[in-house]
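The structure appears right after this line, and notes come after that.
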Amino acid sequence: MPSIKLEKICKYICRDVELEISDRELLVLLGPSGAGKTTLLNIIAGLTDYEGSVLFDRQRVDKLPASKREVGYLFQDLFLFPHLDVSANIAYGLKAQKSSHDGIKERVAELLQLMKIDHLAERYPRKLSGGEKQRVALARALALSPRVLLLDEPLSSLDTQTAKYLRTELKQLQRKLGITTIYVTHDLAEAEEMADRIAVIQEGQLQQVGKPEEVFFSLRPLPEPGAGCYGGQLRHDEHHPPRRRQPRPPYRSLSPRHIRFRGQATGPRG
Amino acid sequence: MWNSLKRLKPGWGIVPVLVFLALWEIIARLNLTPGQFSFPPFSTVMVEFYNLAASGVLGDNFFASLTRVLIGFCAGSIAGLVVGTAMGWMEKLDKALHPIVSLLYPIPALGWLPLLMLWIGINEMLPITIIFICSFFPVLYNTVTGIKNVDKDYIRVARTLGASDIKILTTVVMPLALPNIFTGFRLEAGMAWRVIIAAEMVAIPTGIGALMMKAESLIRIDIIIVCLIVLAVMCLSFEKIFEFLENKMTARWR
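Protein chains in written order, with the working numbering: chain A, 134 to 403; chain B, 36 to 289.
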């Protein structure tokens, strides 16, 4: 699986974004709605034009169309093809790549088993639950054994319990397959749970990149009491303001759940 | 009472039709219609239906109309589908052709009749061309709308899965546009019969429309009603055929 490098990426709100993702790493792209997270994923997938360069394994892929980049992309709204049953959805990419009939059958069976959805093979998407749809969409994205997996807030539409369960499974699956993954979210707890590293993005600019503990504990207080922030961009929830002139160590007990982005919107899209 | 009516089996739908026919028969037999309003009973109409069918008059005229409808409708629909697909898929082509289509689409099919009579003359091509026009524009319009309404994210997903443009069009866009396309087919299938009857009444000496005009000149109301029944059955049948096909092709996933 390749390492990914972004060099001076510019598109819409994104300005001179530079980012490196290691082989087999799960990087969480964290930021509020409208920060440019989805734009960055679209750039990596080749779904939009852009300035700058995207490199997979030090090879520029800027001129490759989306169909040739070998990227698995799980969209926020999944977009399972409603007219195809689960098997056909998973097989879609394989058929598009003109794989052999037996090869397709074998791979689909393998993915159905991997995602524990064998019993849903002949069901149509409208008859699936949210969690089942998620598994099918992931199986479809993995069918072509992509070099990179892009997950755009994949669990945002699920209830808390299902999302938590699938998060654990997703993390285990990523480890098992060893696939370089970028996971977009605006949920700090989710980021903390999933990430090998976190890249904080706001207003199209990367603010901070590091391990979860580095990102969440690199808080620095602002002069104004109760207006603490981290990376200069996030602030405490009004209900959990830091104490005045508190020394640095106590911040280490702060959970991401008590932090939110400045001016965070309610919409889920990045 | 309403709830018990709702629980009735579908077969009970025939009851209002039977009541209507019974009323028709009674009103006609008792001469309850005013003054010169000639109104043959249903049984007389059915007898005439049998006579016309047995003599071959009805069959000949019916098949003449059916042939015209089938040729014109198939040609118009296929052309509408092809041009509509191209316009829906290629933005530049859509921009180029949209103004012309918008101008021509609102003209009623029969509005072309005087012009076509002069251009084509009074022959078999005239009703077929009218039906072609009648089918072409609505199918084109619904195809374009159907294709444009397909969520662009499905196309993006297919693209990330390595599908070529033509593969995306044939395996994602067209299937998802089918409900819209079938709406066009269904509406025009019935409309084609209405238009052919009108065209035959005005300009063509054969067909169900022409038979109606002959019956009118002979003051044969029973024959006119027979023709209207044939027309109603054919409009309904064509619409039902497309409804069936639409269900067959889309009901599983809609």
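Every residue, glycine too, gets a C-beta built ideally from N, C-alpha and C.
By the three-class DSSP mapping on this structure, what secondary structure does A:E140 have?
Position 7 of the first sequence, counted from the first residue, corresponds to residue 140 of chain A. Here A:E140 sits in strand by DSSP.
Look at the alpha carbon of B:T102 and the alpha carbon of B:I232, and state the distance between them as a whole number of angstroms.
Translated into positions along the second sequence, residue 102 of chain B becomes position 67. Translated into positions along the second sequence, residue 232 of chain B becomes position 197. Whole-angstrom Cα-Cα distance: 13 Å.
Just mark A:D320 as buried or exposed, buried being the case when its beta carbon has 16 or more other beta carbons within 10 Å.
As a working note, residue 320 of chain A is residue 187 in the first sequence. Label assigned to A:D320: buried.
For A:D210 and chain B, any beta-carbon pair shorter than 8 Å?
To locate residue 210 of chain A, count along the first sequence from 1; it is residue 77. Interface residue (Cβ-Cβ distance to chain B less than 8 Å): A:D210 is classified as such.
In this structure, does DSSP put A:G189 in helix, strand or coil?
Within the first sequence, numbered from 1, the residue matching residue 189 of chain A stands at position 56. A small fix is needed here, since residue 189 of chain A is Phe in this sequence, not Gly. Secondary structure at A:F189: strand, using DSSP grouped into helix, strand and coil.
Could you give the DSSP three-state label for A:I334: helix, strand or coil?
Taking the first residue of the first sequence as 1, we reach residue 334 of chain A at position 201. A:I334 sits in a strand when the DSSP states are folded into three classes.
Pull up the DSSP beta-bridge partners for A:V348, would you.
For the purposes of this step, residue 348 of chain A is identified with residue 215 of the first sequence, where counting begins at 1. For A:V348, which the question treats as bridged, DSSP gives no partner whatsoever.
Taking the DSSP output, what are the residues bridged to B:G270?
Here residue 270 of chain B corresponds to residue number 235 of the second sequence, with the count starting at 1. With the sequence shown as reference, residue 270 of chain B is identified as Cys, and Gly is not the correct amino acid for it. Paired residues: none, contrary to the question.
Could you work out which residues of chain B lie near A:Q230, taking near to mean beta carbons separated by less than 7 Å?
The residue given as residue 230 of chain A occupies position 97 in the first sequence. Within 7 Å Cβ-Cβ: G197.
Cα separation between B:I190 and B:L151?
Residue numbering aside, residue 190 of chain B sits at position 155 when the second sequence is read from its first letter. Residue numbering aside, residue 151 of chain B sits at position 116 when the second sequence is read from its first letter. Approximately 42 Å between the Cα atoms of the pair.
Distance, Cα to Cα, B:A110 vs B:F98?
Position 75 of the second sequence, counted from the first residue, corresponds to residue 110 of chain B. Position 63 of the second sequence, counted from the first residue, corresponds to residue 98 of chain B. Each residue's alpha carbon lies about 18 Å from the other.
Keeping to the same chain, check which residues put their C-beta closer than 6 Å to that of A:Q366; ignore five residues upstream and five downstream.
Residue numbering aside, residue 366 of chain A sits at position 233 when the first sequence is read from its first letter. Because A:Q366 carries a pLDDT of 43, less than 50, the predicted location of this residue cannot be relied on, and no value is offered for it.
Under 8 Å between C-beta atoms, does A:L277 make it to chain B?
Along the first sequence, one-based indexing puts residue 277 of chain A at 144. Yes, its Cβ sits closer than 8 Å to a Cβ of chain B.
Alpha carbon to alpha carbon, what distance is there between A:T293 and A:L244?
Position 111 of the first sequence, counted from the first residue, corresponds to residue 244 of chain A. Position 160 of the first sequence, counted from the first residue, corresponds to residue 293 of chain A. Distance between the alpha carbons of A:L244 and A:T293 is about 25 Å.
Taking any Cβ of chain B, which residues in the region 233 to 246 of chain A have a Cβ under 8 Å from it, in chain order?
With the criterion set as a beta carbon lying under 8 Å from some beta carbon of chain B, the region 233 to 246 of chain A has no members that meet it.
Interface residues of chain A around B:L211 at Cβ under 9 Å?
Position 176 of the second sequence holds residue 211 of chain B. Those are F214, P215 and H216, listed as they occur along chain A.
Let me see if you follow: with CB-CB separation under 8 Å, is A:H369 close to chain B or not?
For the purposes of this step, residue 369 of chain A is taken as residue 236 along the first sequence, with counting starting at 1. Caution applies to A:H369, whose pLDDT of 41 falls short of 50 and renders its modelled position unreliable; the value that the coordinates give is listed next. No, its Cβ sits nowhere closer than 8 Å to a Cβ of chain B.
If you measure beta-carbon to beta-carbon, which residues of the region 177 to 197 of chain A are closer than 7 Å to chain B?
Going along the region 177 to 197 of chain A in chain order, one finds A178 and L180 with a Cβ nearer than 7 Å to chain B.
Quick one: which unbroken beta strand (DSSP E) runs of 3-plus residues sit fully inside the region 80 to 133 of chain B? Chain order, please.
Segments of the beta strand (DSSP E) lying fully in the region 80 to 133 of chain B: there are none.
Taking contact to mean 3 or more Cβ pairs, one atom from each stretch, closer than 8 Å, check whether the region 132 to 145 of chain B and the region 189 to 209 of chain B are in contact.
These segments do not touch.
What's the gap between the Cα of A:G179 and the Cα of A:G337?
Indexing the first sequence from 1 puts residue 179 of chain A at position 46. Indexing the first sequence from 1 puts residue 337 of chain A at position 204. Computed Cα separation, rounded: 18 Å.
Throw me the rounded Cβ distance for the B:L211 and B:V185 pair, which I believe falls under 8 Å.
The sequence position of residue 211 of chain B within the second sequence is 176, counting from 1. The sequence position of residue 185 of chain B within the second sequence is 150, counting from 1. Confirmed, about 5 Å.
Residues in its own chain within less than 7 Å of A:V317 by CB, not counting five upstream and five downstream?
What you label residue 317 of chain A is simply residue 184 of the first sequence in a count that begins at 1. The answer, listed in chain order, is L162, K170, T171, L174, L284, D285, E286 and G403.
Three-state class that DSSP yields for A:V342 in the structure shown
Locating residue 342 of chain A in the first sequence gives position 209, counting from the first residue. A:V342 sits in a strand when the DSSP states are folded into three classes.
Expected contact under 8 Å - CB spacing of B:A63 and B:P76 to nearest Å:
The residue you call residue 63 of chain B lines up with position 28 of the second sequence. The residue you call residue 76 of chain B lines up with position 41 of the second sequence. Between B:A63 and B:P76 a beta carbon distance of about 4 Å is seen, short of the 8 Å cut, so the two are scored as contacting.
Per DSSP, A:G205 is paired with what?
What you label residue 205 of chain A is simply residue 72 of the first sequence in a count that begins at 1. DSSP output for A:G205 lists A:L282 as bridge partner(s).
Let's see if you can read the secondary structure: which residues bound the beta strand (DSSP E) around A:E325?
Looking up residue 325 of chain A in the first sequence gives position 192. Looking at the DSSP string, A:E325 is not in any beta strand (DSSP E); the run it does join, the alpha helix (DSSP H), is L321 to M327.
Measure the alpha-carbon distance for B:P149 versus B:V54 and round it to whole angstroms.
For the purposes of this step, residue 149 of chain B is taken as the residue at position 114 of the second sequence. For the purposes of this step, residue 54 of chain B is taken as the residue at position 19 of the second sequence. Distance between the alpha carbons of B:P149 and B:V54: 43 Å.
For B:W288, return the contacting residues in chain A, with the cut-off set at a CB-CB distance below 7 Å.
Within the second sequence, numbered from 1, the residue matching residue 288 of chain B stands at position 253. Within 7 Å Cβ-Cβ: P215, H216, Y257 and R259.
Give me the chain A residues within the contact set of B:V185, using Cβ-Cβ distance strictly less than 7 Å, ordered along the chain.
The sequence position of residue 185 of chain B within the second sequence is 150, counting from 1. For B:V185, no chain A residue has a C-beta closer than 7 Å to its own C-beta; the minimum C-beta separation is roughly 11 Å.
Which same chain residues, not among the five before or five after B:D95, have their C-beta less than 8 Å away from its C-beta?
Indexing the second sequence from 1 puts residue 95 of chain B at position 60. Answer for B:D95: T241, listed in chain order.
In its own chain, which residues sit with a C-beta less than 7 Å from the C-beta of A:D149, not counting the 5 before and 5 after it?
As a first step, residue 149 of chain A must be located in the first sequence, where it is residue number 16. So the list reads K141 and C143, once near-sequence residues are dropped.
Please confirm whether B:K130 has its beta-carbon closer than 8 Å to some beta-carbon of chain A.
Position 95 of the second sequence holds residue 130 of chain B. Taking 8 Å as the threshold, the shortest C-beta distance from B:K130 to chain A does not fall below it.
Cβ neighbour criterion (16 or more within 10 Å) applied to B:R221:
Your numbering for residue 221 of chain B matches position 186 in the second sequence. Only buried fits B:R221, as 16 or more other CB atoms lie within 10 angstroms of its CB.
Give the straight-line distance between the Cα atoms of B:S90 and B:S252, rounded to the nearest whole angstrom.
Within the second sequence, the letter at position 55 stands for residue 90 of chain B. Within the second sequence, the letter at position 217 stands for residue 252 of chain B. Spanning the two alpha carbons is a distance of roughly 20 Å.
Would you give the residue range spanned by the alpha helix (DSSP H) that B:T178 belongs to?
For the purposes of this step, residue 178 of chain B is taken as residue 143 along the second sequence, with counting starting at 1. That run of the alpha helix (DSSP H) goes M160 to N184.
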